[in-house]
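Taking it in order: structure first as structure tokens, then the write-up.
Residue numbers (the numbering used here), protein chains in the order written: chain A, 474 to 957; chain B, 961 to 1878.
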């Protein structure tokens, strides 16, 4: 715990230093701006130096699991027996008037839950049979059942979740966090992205982009095929020893040159080349799951060498263990429209659930047994929900059962780092259409994540195009109901 | 000539006396300066609660008339000439924390309160912010120069007027300029700055051996005339234009818009005056009889993103593009953050909410509507087809005159005006296929509202039909209203749409049209036809004349030609005119007051000289009375050359932006650009690179770090890391791999496998062949959601939105690119190989030859020794490792010596002095 005095002076520092964080980081990167007293030029040039939060936070790092395509809350967590009763009834006009849907046209039919629900754990939270393993950790997670958005297309909706704005061009949450807090491990990137499901999410690499923040804060995609980080491997035929000698020689000449040219940036470059060499050793180590014991593989359901959500969950644990600040997982394939078998709510969707159930449960259990869950925030969700109606694309029945995009209400969950396990906040009406209480916005969710990290979402700003920008735009507040 | 003599006179003056100090004349008890002293206090301490967004207590400090107005308490807060009775001063000085301002914040300092008090007592005058004051001619500072014994380093510093502005600022901080850079350093710098490429060994030798006093000026003039000049400066402009080869958002598929990139290169190489450059890009289509080039220029604002995701509403993303156009125009030409005014009045600057929509009204009437086909596009015809277009044009002109001839030409070139399926409603057994194309099933229908049929003879549309037997009926007013047409829809083959012409019964006036489709042979789910757009046309006139049939045949044949197209701007017809409304709180669905085109009051008036459309707006922007355009472009060019703008915030000249480091110089250059140089950017750039300021050495001295660590005052030349494009281009150039081929479709040089994984897109990265692998980076395919990775690591732009300045970073991932990316390894191999000649027999000579090829000077012995040592170590390890050399060089005949030299070549390409412009 920080001393109160320190605490105040840090806040003071962040609030009062000209334009706060912005000036410092920018100044150092641009090699311009207003130099602050008592800060040597060299000290300003490390954008990843660990920085104190605004106030003591519960989380030191975040693992964010995004199910790209948007999973159905109605088959997983938001149990609606009334909807089962209404199955196949024509949708009443009151639910359609003035509404826009991505694909539903005319009057669709209601679609009852295609899953069996049970109450789980002490808390009695409803979790469907699609997630039998996850049911065992019900008391560790807090559910948000009244999350809403205003974007019913994937790319804008994903951008909204991760950048606070549905349009391209804003920094992602991981970029904001590493900009705000820096990194505690200089041998690994501060913000790592892992994808599974065979595709990049709909909004592309922009959802882990740095937007207008300096590009050092962009998410670094770690890959299970090819180089784990782009350009990490030495050229073929070059051994480690020669590479080391090469970097030493580059830095040696740079030191001589610095004596002549006197530019502090040269010293930074020397440090970055050292760090690059270290990363070449550290990243392959941490990205290699071969040496994990058998019981861990069993726990997660991992197979080394595969590109899977399970492998990514295990990697996420390894990365946070090494103090990577923000680990973002994207799993593609959750867009259950019913347009083909893999996207059928009663077929493909079940299979996707099987792919994640064991692994995401294992992640919580594994973090817990290592004492990491207390300081690691785990977040799970999609970019919107699914309609209680059956999709009727182009005003005719889809070949399989499916649900359209739904913006009014969907479910997310959080666990770890100061989250009150076994709670549910928010409730939807009897068919899961609107929240009836505990309605929270995506900006509220983002404010909560930042809050757990000790960052005030209204103060984490960056000056761009003449005004301070923040992740949560002009709204949002932390959801205190799910916090310890 | 006159200028030159003046310059040389000043130069001699400076040379004789030595410019080391300037005595500043202080001018008595000055009036409080609103901009310098008062506005910063108001902005920092007051305006967030009493400004454009919030006006607590009904008190706003944004405009003078607001500040002097009666507040909620019933009396004004500021009484000019009477600070003692002004509520504002009273509230600032109270003790009670509930009453004292700023509320719940630290109080203002005595000094700050004193400034405000004196300001009110002097009349509380509002000064105009510097950026909104028209650009006037500025005198080159007449400085009083003190002679100093010895030979001061700045004795030969001043080369032109620019240097006197710089010197006078340096003197204020007691800094002296730096000596000139060495010839080799200056040469590399000016090559990189003007052409983006380092000199070839031959070019370098030519300059270094030229001892003529004007050698440098001659070099500058040669470089300004080089075709690579346009390529380098196009890179700059394309960031502002957010140019990209894909559409953005989910599917992010390709967009064919590279002709715009080539237009920019040519316009810059031709030194198209910046006013014309502006007008053609913003409104080329509205010029009389626009050329194809002028239409392609308008693709500037077609670089906005386009959303193809299934289920998206075109109007939502048309509006998104529109907002982007407003924001981009204001940022690029006016350094003004108009985005702030989208939701509310500007918090700091004199722009009101309505101003945003008045700007938007200029742009709101173009034909592009976020359609999948990206209409309108300029169709690219070959010479033969172009001749036909001309013949048809002449035919129509002879019969009907210019107006109709222009309309027919526009249709042949851009297929406008037309209507899109998203204009339909009242669907019955039909829908938009993937929310894009009209698809109606058997016995279904859809309505197209409010079509003016006066003088329309037929409707034309491209369609697909997979089965024979389809029938289309068009009826007016109702589903069973008067029949205007009945037409069979023959099956089409493959995925090529066929153009179909359907004659309409003679009808007058504006009518609702019902399109009814039938084909009993279809399965219930199948559509009768899939239609992309509809155009209502008049017959080509002159039926009575011989040769008509050929004209008509040519017309139809041209329309059916499958030609590529470049997205361009075309204005709406009067029938398609869109009204513009304020969006309440920035929400496009909540429409407020209707507005007409107009500009903010603080700027030069948009008076009767200008037509209220894009053309008038573009002319208004480049009028010499506009205070922002010339300053903006000068500042941007200055930043390209010095790494920082005179106003550091390139994107913001408002009161929250940075204060200019050399305001008079900025004004002097701006005035000169408009009036002496007639908007020639080449002449502006020439002035700057010929200045002594530009020619200085970049060595950082201890007193620099102490007095001016960020080099705002330019006591030295900046040291700047090369741009993403330059890092790659330099490696290719010095190794001799670089292709100098210009223009054309974007290329796909090597990038690691598996980078592109966009959803719903069949597109993939197809490695370019032969020299196309080694084209300048400018030509590399730019995909918004999956940019070229090596560029992104060096702070390249994704081109999602307009980027005024790239923020330079220094990271380990950059080191990984230049150390490991196979493009850089290949460049190193080639560099080592070209420096292994019979003239260079020892490793030492070869290393020096490589260094010299990159930096044009011999390597210092101390540095050379380090590289020689690396060579020996690498040689040893290649000797000990079987086949390693062959693998590293990807060549069976490679020896350990060859490989060791490539290791050194790689090391050299990674040196700080190589990655920087010094």
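All residues carry an ideal CB built from backbone N, CA and C; glycine is no exception.
Using a beta-carbon distance below 8 Å, is residue 1616 (chain B) in contact with chain A? yes
Going straight from the alpha carbon of residue 579 (chain A) to that of residue 913 (chain A), what length do you get? 29 Å
Put residue 1260 (chain B) into one of helix, strand or coil per three-state DSSP. helix
Going by other Cβ atoms of all chains shown within 10 Å of its Cβ, with 16 needed for buried, is residue 1868 (chain B) buried or exposed? buried
Between which two residues does the beta strand (DSSP E) harbouring residue 1822 (chain B) extend? Careful: residue 1822 (chain B) lies outside any beta strand (DSSP E), inside the alpha helix (DSSP H) at 1821 to 1840.
Does residue 1724 (chain B) come within less than 8 Å of chain A when only Cβ atoms are used? no
Taking 8 Å as the CB-CB limit, is residue 621 (chain A) close to chain B? no
Within the same chain, show all residues whose beta-carbon is closer than 7 Å to that of residue 1586 (chain B), passing over the 5 residues directly before and after it, in chain order. 1563, 1564 and 1580
What is the DSSP secondary structure of residue 910 (chain A), counted as helix, strand or coil? strand
Determine the DSSP secondary structure at residue 1613 (chain B), reduced to helix, strand or coil. coil
Reduced DSSP secondary structure (H/G/I, E/B, other) of residue 667 (chain A): strand
Between residue 1177 (chain B) and residue 1650 (chain B), which are expected to be in contact by the criterion C-beta below 8 Å, what is the C-beta distance as a whole number of angstroms? 6 Å
Can you check which of these residues, B:1344, B:1629, B:1772 and B:1193, is closest to residue 1686 (chain B) by C-alpha distance? Across the set B:1344, B:1629, B:1772 and B:1193, the C-alpha of B:1193 shows the shortest separation from the C-alpha of residue 1686 (chain B).
Helix, strand or coil for residue 536 (chain A)? Go by DSSP, reduced to three states. strand
Is any beta-carbon of chain B found at less than 8 Å from that of residue 919 (chain A)? no
Once DSSP output is grouped into helix, strand and coil, what is the label at residue 1319 (chain B)? helix
May I ask which residues mark the beginning and end of the beta strand (DSSP E) holding residue 418 (chain A)? Residue 418 (chain A) falls outside the range modelled here, since chain A spans only 474 to 957, and no answer is possible.
Kindly indicate the opening and closing residues of the beta strand (DSSP E) around residue 854 (chain A). 849 to 854
With DSSP as the reference, label residue 1341 (chain B) as helix, strand or coil. Looking at residue 1341 (chain B) - three-state DSSP - the assignment turns out to be coil, as it is neither helix nor strand.
Does the distance from the C-beta atom of residue 1759 (chain B) to that of residue 1742 (chain B) stay below 8 Å? A contact, by the Cβ cut-off of 8 Å.
Can you tell me the Cα-Cα spacing of residue 1550 (chain B) and residue 720 (chain A), whole angstroms? 59 Å
Would residue 1680 (chain B) pass as a contact of residue 726 (chain A) if the rule is Cβ separation under 8 Å? no
Classify residue 1099 (chain B) as buried or exposed, calling it buried when 16 or more other Cβ atoms lie within 10 Å of its own Cβ. With fewer than 16 other CB atoms across the displayed protein chains lying within 10 angstroms of its CB, residue 1099 (chain B) is exposed.
Identity of the residue in A:902, A:733 and A:713 nearest residue 861 (chain A) by Cα: Taking only the C-alpha atoms, the option nearest residue 861 (chain A) is A:902.
Here's a check: name, in chain order, each residue in its chain whose Cβ is nearer than 7 Å to the Cβ of residue 1846 (chain B), leaving out the five neighbours to either side. Closer than 7 Å at the Cβ level, and outside the excluded window around residue 1846 (chain B), lie 1852 and 1854.
Which residues of chain A have a Cβ atom closer than 7 Å to the Cβ of residue 1870 (chain B), listed in chain order? 723
At 4 residues or longer, and completely inside the stretch 1726 to 1780 of chain B: list those alpha helix (DSSP H) runs for me, N to C. Listed in chain order, they are 1749 to 1753 and 1772 to 1780.
So which residues on chain A does residue 1822 (chain B) lean against when the C-beta distance must stay under 7 Å? 729
Which residues, in order along the stretch 1766 to 1795 of chain B, keep a beta-carbon less than 8 Å from a beta-carbon of chain A? Of all residues in the stretch 1766 to 1795 of chain B, those with a C-beta nearer than 8 Å to a C-beta of chain A are 1767, 1768, 1769, 1770, 1771, 1772, 1773, 1774, 1775, 1776, 1777, 1779, 1780, 1781, 1782 and 1785, reading in chain order.
May I have the straight-line CA-CA distance separating residue 1085 (chain B) from residue 1591 (chain B), to the nearest angstrom? 25 Å
Can you tell me where the alpha helix (DSSP H) holding residue 1286 (chain B) begins and where it ends? 1274 to 1294
Are the stretch 1215 to 1226 of chain B and the stretch 1517 to 1537 of chain B touching, with three or more C-beta to C-beta distances below 8 Å? Yes, the stretch 1215 to 1226 of chain B is in contact with the stretch 1517 to 1537 of chain B.
Does DSSP put residue 1414 (chain B) in a helix, a strand or coil? coil
Close Cβ partners of residue 1865 (chain B) (< 7 Å) along its chain, the five nearest in sequence each way excluded: 1788, 1791, 1792 and 1810
Compute the Euclidean distance between the alpha carbons of residue 847 (chain A) and residue 534 (chain A), then round it to the nearest angstrom. 10 Å
Closer than 8 Å between beta carbons: that is the criterion. Which residues of the stretch 1823 to 1836 of chain B meet it against chain A? 1823, 1826, 1827, 1829, 1830, 1833 and 1834
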